[in-house]
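Student: The sequence shown: position 35 = 35 (full-length UniProt numbering), numbered continuously.
Sending over a structure as structure tokens; questions will come in a sec.
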Amino acid sequence: MKNNSPESNFWKYILAGIFIGAAIKIFAFDILSVQGISMEPSIHNNEKILACKLSYGIVNPFGNSTLIRWKNAKTGDIVIYFYKNSLVVKRCVATEGDSLEYSSDSGYTLHVGEKNYSLTELQYNLIKNSPCVPRGMILAIGDNFENSIDSRTYGFVAQKNILGKVIFK
């Protein structure tokens, strides 16, 4: 005999809500608190952001990559990915095939399209031999690039490792 009492239905709805909420958090959206000033003035320290994990594909809930990818990040997207076991928020400033130019005339500089990014000597030596963004990769840099550890320091980010796109801040 079925138990359709109001109390029984209440617990079914609670469990269904928890299950649906967990599935949305794991696969679709995540609310994150940004730590640091690397994305200022766009995103400030301790500011909450909403990231869509379905923007580029289905994220592996047990790893740091996508299982199925249907779209790649574009220039201008603010993306999230893992670097050294920390979730990172940066702006995609170049995608595969985009030209990268370097200058060491008066300080070290990276030229991407119309934008210039300052480099340390170490950063310059790390990436100066890359005339363009390699296939399947992006160049991700913090908006406050003077105070950002990003692709200039650790290299290009694989598209498959991008876990989502910031859609609201």
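Backbone N, C-alpha and C fix where the C-beta goes; we use that ideal spot for every residue, glycine too.
Between R135, S103, P131, G113, which lies nearest to E121 when the distance is taken from Cα to Cα?
Tutor: The residue you call residue 121 lines up with position 121 of the sequence shown. When each option's Cα is compared against that of E121, the closest is S103.
Student: Using 8 Å as the threshold, is the C-beta distance between I49 and V79 below it?
Tutor: In the sequence shown, counting from the first residue as 1, residue 49 sits at position 49. In the sequence shown, counting from the first residue as 1, residue 79 sits at position 79. Contact flag unset, no.
Student: If distances are taken between C-alpha atoms only, which option among N64, Y108, P131, A23 comes closest to E96?
Tutor: For the purposes of this step, residue 96 is taken as residue 96 along the sequence shown, with counting starting at 1. Closest by alpha carbon: P131.
Student: Would you say D150 and S42 are within 8 Å of each other, going by their C-beta atoms?
Tutor: The residue labelled residue 150 in the question sits at position 150 within the sequence shown. The residue labelled residue 42 in the question sits at position 42 within the sequence shown. No, the Cβ-Cβ distance between D150 and S42 is not below 8 Å.
Student: Let me confirm a value: R135 is counted as buried when at least 16 other C-beta atoms fall within 10 Å, else exposed. Which label applies?
Tutor: For the purposes of this step, residue 135 is taken as residue 135 along the sequence shown, with counting starting at 1. So R135 counts as exposed.
Student: For the beta strand (DSSP E) that contains A140, what are its first and last residues?
Tutor: The residue labelled residue 140 in the question sits at position 140 within the sequence shown. Looking at the DSSP string, the run of the beta strand (DSSP E) that includes A140 is 137-141.
Student: Answer yes or no: do T75 and C52 have a C-beta to C-beta separation smaller than 8 Å?
Tutor: Here residue 75 corresponds to residue number 75 of the sequence shown, with the count starting at 1. Here residue 52 corresponds to residue number 52 of the sequence shown, with the count starting at 1. Not a contact, by the Cβ cut-off of 8 Å.
Student: Helix or strand or just coil, what does DSSP make of residue 177?
Tutor: Residue 177 is absent from the model: the chain starts at 1 and stops at 169.
Student: May I ask you to report which of helix, strand or coil DSSP gives Y108?
Tutor: Taking the sequence shown and counting its residues from 1, one reaches residue 108 at position 108. Looking at Y108 - three-state DSSP - the assignment turns out to be strand.
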